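To start, the structure itself, in structure tokens.
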Amino acid sequence: MSYTVTKNKAKALEQLTSLITSFEKQYSHLKKNKYSEAQLRIDFLNAFLKTFGWDVNNEEAKNQFIRDVIQEESINIEEDDTITKKNPDYTLRILGNRKLFVEAKKVSIDIEYSKAAAFQTRRYGWNANLGISILTNFEKLIVYDCRYKPNIDDGPQSARYRIFHFKNYLEQFEELYQLLSYNSVSSGFLDEYFSFTEKDTTPFDEYFLLQIEKWREKLAINVLKNNKSLKEEEINFLIQRLINRIIFLRICEDREIEKYETLKKISNYEELKKLFIASDKKYNSGLFDFIEDNLSLGIIVDPELLIEIFNELYYPASPYDFSVIEPNILNQIYEKYLGSRIALVSEKSIRIVKEPEVIASNGVIPTPKFIVDQIIRETLEPLLERSTLQRINNLKIVDICCGSGTFLISLFDYLIEKHINILLQSDVIDNDIAYQTYDKSWRLTLKAKQKILLQNIFGVDVNPYAIEVTRFSLLLKLLENEKATSIDYYLNTYKRKVLPNLNNNIKCGNSLIDDQYFEFDKAALENDELLYKLKPFNWSVEFPFLKEKKGFDAVIGNPPYVRIQNLVKYSFEEIQYYQSKQSPYSVASSNNFDKYYLFIERAIELTNENGVIGYIVPHKFFIVKGAKKLRALITSQCSLSKIVHFGVTQVFPGRSTYTAILVIDKRPKQKFSFKRITKLNVEHSFNSATIAEYNVADYSDQPWIFLSNEATELFKKIKSKLTVPLKQIAEISVGLQTSADRIYVIQPIEEKQYTIFFEKEGKKWEIEKAILLPCIYDLSFSLFDIPQPNALIIFPYTISNNRAEVFSEKLLKSNYPLCWKYLNHYKTDLEERSINGTREIKWYQYGRSQSLTKFHNNPKIIWPVLSKQSSYAYDNANLQFTGGGNGPYYSLISNSNYSIFYLLAILAHPAFEAMVKARASEFRGSYYSHGKQFIENLPIRNINFDSIEEVNLYNSICKNTKEIIKTKQTINKTYIANKKSILQRKFNYLYNEIISMINSLYGIKKEELEAIKDSNLFLAEIIEDEQNS
């Protein structure tokens, strides 16, 4: 039978049946020792993988960067009487992303009991941070759970998830198909089912992070003990450089660039220094530069500690196999590692402390690789359309907050891929640029990769240790796929050292502060400590080519998200500068900005007239008031190019930071593309996204809303010339603003004729009823309710002629002695408040004077600021509530001829609720804001009171609204199910009648309402933290 790549389940079952029959017929021959693993792969395993949908031989002719299967050359080596390989036999991938390894053994090996084979398979998978890996000789197929760290003492049954025998493949086909098939793996099954959330799992990245953090601490203690004169920054530099050098050489060993166990044979620091000096002669990189580093050669490190560290890098003490560890995994480990540093406590002791910015942003969460890759593609694809190699070679691309280099590693990969794709379109490929491998793939030469690294890739970060790691990571990436033979060829051919010095590409400095700072603070020139902290960075001096190019071609990255309130805690000098007259930042004039605002503005300044910027940032700035200037800056100086909106889908695990990929272009554009991601899947998130186009000209400093076409058309119809904004006929206001609700709001527990009793902070108090008003506090209610008070509020005011006067101390003492006693108990707390007012301030008055009389004895509509639907209620009992701009409640009175019941009916209509939701900020749990700014411009239909038809309709709306309020109250007081059901039907009928009448008034059709139900309203909600409404 001819075995083809099939994604058809029935066809797969048919082919598998044939394979099993063939294997069974030849079983006695296949079991012989002379039947090799290489032949098994050709005869059975290739066909087996094809059967499950994997294109083993790349019959679909996919680009080499996204082909399904990578096969290793079958070069056998003897080790401990077993046949092993240097790399996994098969790497199964989806769109270039590794998903699982398949390790093959010949049939004569009983893999069920092979400790070495099990360890090897688990070791590959664990080091690659994969969920599972497979060991098979076709007779048996074993699935190992690679989330558990393999240990040399583990038996072959350890971490074994499933074992299948070929005779049972058919009856267990469904499970095999789910674990192994291309269809299942590409759907994300392995990612979801074998996620790293279970207890006792120890993924490689977490384990290695703990290990290098442990080495850092031990080395710091040891170096300080032996070298007492060292300063804190010198210790940090030395330890960082030492760890980087050790890891670099150890990785080179597993990549077969250096001889295996070279480090393990080192017995003291003198020998290690000699190895480093030899490495400098070979590699030349700043990593081994002892001219720049004049400290390392003069220190003492105890040999016992070095030997301990080296042993922990090798089998059997550790299961590391650096040949299968992808650079991005190491990079993300370092990203977390850089979140802390060594602090010198005394001459004899150190401790590890978190960096201030890490504390302010609540820890380090690296950007996932597939998100980084997508940002690179979304940003650079338009820039590189139909590009030549010459065009690509001239590009200058920068990450101005590069951290450990995550984005630059991905950029390097992308540019290598672009080079190869262009080369493959040529008739002849220069051997000096690229060469073909055994599996017909093309790779760039070391020389060509060096050129990309030096000409195209640039980075800046304020953390000097991050810069060290970025350079280190890029050099490791440069050596990916190189072997000792290719290194020797390069050395012999070009007579120069292997690694370039990246000091002119990757630099340390503050991307946001340049020499202009000295205009703000001239004294800073005499304060070296302040300069070390701020690290001013002059872009045109550090990168001279910017003068000629007039900016970078692209800026990429993930800028830090740090609110001004947190930034001021650890960098007050920066905040002062950003908000000063000398500041170049227009977006910092607000008192509520985020640091990423500044990075966007700086990126715009740094790009040339054709430049592109690609960031992942919180999308709350699309709508919040505090980001108005940022939106104005972007839309006035650039064109929106692409937005990839993740909605409530969480990109950063364990966070409630809701983000979008933002691509902006200096070149003028008519339209921009918009993608909505509703589910994160590494391979398919971006391909299966909801895609739309919007006009660039429609977006300005006003909130950026991404509505469906149906919603846009309906809202235009509703906003006809016959309407007026709600704020012109009604007054919307916040509640009482005490600035100390915990003191003023009380919950009665006992009542007398003239007083009530309550408890506060464990103490029982008595207070006069006459100084209290009924209020609602943390009360839930729904549409058409009449809220009932659940608390009382101390109201030390007299109201006369619609004006409120705070009680004098004399009046308060004499008329309300119990209240006076209570308030005095909290006098210190009350005095610490900020109290607004132009007259004499009383320490017991409210913090703000708004709303003291606004709703006094007026019928009103009251609603919670945060809710999942319209929750407008009616009050005619002088009910009080507290709160400012963020709620918890708002209220409205009519200051025109229009009845409060007419306004309530319109607010309760689904189309108007959709208009609120379309503009509002959404919060966790599907709550969204009903704040004043989202309500006040709702279009209220003017009534022609000279028209009998319109007056009748208006009166009917008011009448039905009054009746539905009455019905709702009856429902709330009814406890008999049958009666409640009948009343609910009446309520539903009245509500539908109200909707129908409002539809008639505005000309809304039923099908138009259907088209804007929640799932169809807009392409992207705006989600934000509760503190940022």
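Count the sequence shown with the numbering used here and you get residues -1 to 1027, in order. For glycine and all other residues, C-beta sits at the position ideal for the given N, C-alpha and C. Remember, predicted model here, so these are calculated numbers, not experimental data.
Three-state secondary structure assigned by DSSP to residue i
{"i": "Y33", "result": "coil"}
{"i": "W213", "result": "helix"}
{"i": "L128", "result": "coil"}
{"i": "R253", "result": "coil"}
{"i": "Y583", "result": "coil"}
{"i": "W52", "result": "coil"}
{"i": "L413", "result": "helix"}
{"i": "W763", "result": "strand"}
{"i": "Y926", "result": "strand"}
{"i": "F899", "result": "helix"}
{"i": "N440", "result": "Note that residue 440 corresponds to Trp in the displayed sequence, not to Asn. It is a strand residue."}
{"i": "R494", "result": "coil"}
{"i": "A59", "result": "coil"}
{"i": "D371", "result": "helix"}
{"i": "T134", "result": "strand"}
{"i": "D526", "result": "helix"}
{"i": "S402", "result": "coil"}
{"i": "K7", "result": "helix"}
{"i": "Y281", "result": "helix"}
{"i": "N329", "result": "helix"}
{"i": "G94", "result": "coil"}
Neighbourhood of residue i by C-beta, 6 Å cutoff - its chain only, sequence neighbours within 5 removed
{"i": "I992", "result": "A903, N958"}
{"i": "S316", "result": "E310"}
{"i": "E729", "result": "I891, N893"}
{"i": "A789", "result": "V743, Q745, C773, Y775"}
{"i": "R349", "result": "A341, V343"}
{"i": "E137", "result": "V105, F164"}
Cβ shell of residue i (< 8 Å), same chain only, five flanking positions each side left out
{"i": "Y142", "result": "A116, T119, R120, G123, I130, S131, I132, L133, A157, R158, Y159"}
{"i": "F543", "result": "K394"}
{"i": "N419", "result": "N61"}
Check whether residue i and residue j have beta carbons under 8 Å apart
{"i": "N224", "j": "D278", "result": "no"}
{"i": "F202", "j": "N85", "result": "no"}
{"i": "T2", "j": "K48", "result": "yes"}
{"i": "I18", "j": "Y167", "result": "yes"}
{"i": "V610", "j": "T377", "result": "yes"}
{"i": "M995", "j": "I955", "result": "yes"}
{"i": "R253", "j": "L261", "result": "no"}
{"i": "E599", "j": "V622", "result": "no"}
{"i": "S588", "j": "K627", "result": "yes"}
{"i": "V722", "j": "I938", "result": "yes"}
{"i": "G760", "j": "S849", "result": "no"}
{"i": "R243", "j": "L177", "result": "no"}
{"i": "I407", "j": "S347", "result": "no"}
Outcome for residue i when other beta-carbon atoms lying within 10 angstroms are tallied against a minimum of 16
{"i": "D78", "result": "Per-residue confidence for D78 stands at a pLDDT of 41, beneath the threshold of 50, marking its modelled position as unreliable; the derived number appears in the next sentence. Its Cβ having fewer than 16 others within 10 Å, D78 is exposed."}
{"i": "L208", "result": "exposed"}
{"i": "P701", "result": "buried"}
{"i": "N503", "result": "buried"}
{"i": "D319", "result": "buried"}
{"i": "S179", "result": "buried"}
{"i": "T483", "result": "exposed"}
{"i": "A768", "result": "exposed"}
{"i": "H854", "result": "exposed"}
{"i": "G296", "result": "exposed"}
{"i": "I980", "result": "exposed"}
{"i": "H163", "result": "exposed"}
{"i": "N479", "result": "exposed"}
{"i": "P987", "result": "It should be noted that the sequence gives Tyr, not Pro, for residue 987. Classification of Y987: exposed, given that the 10 Å Cβ count is below 16."}
{"i": "K915", "result": "buried"}
Cβ shell of residue i (< 7 Å), same chain only, five flanking positions each side left out
{"i": "L781", "result": "S868, S869, Y870, A906"}
{"i": "K5", "result": "G51, Y180, N181"}
Query raised in the report: Where are the alpha helix (DSSP H) runs, 4 residues long or more, that stay fully inside the segment 610 to 653, in chain order?
Result: The DSSP assignment places 626 to 635 as complete runs of the alpha helix (DSSP H) inside the segment 610 to 653, in order along the chain (cut-off: 4 residues).
Query - beta strand (DSSP E) runs wholly inside the segment 139 to 187, at least 3 long, in chain order - result: Listed in chain order, they are 158 to 163.
Requested in this report: Go through the segment 782 to 822 residue by residue and report every complete run of the beta strand (DSSP E) that reaches 3 residues or more, in order.
Outcome: The segment 782 to 822 is shown to contain whole beta strand (DSSP E) runs of 3 or more residues at 789 to 792, 795 to 798, 801 to 804, in chain order.
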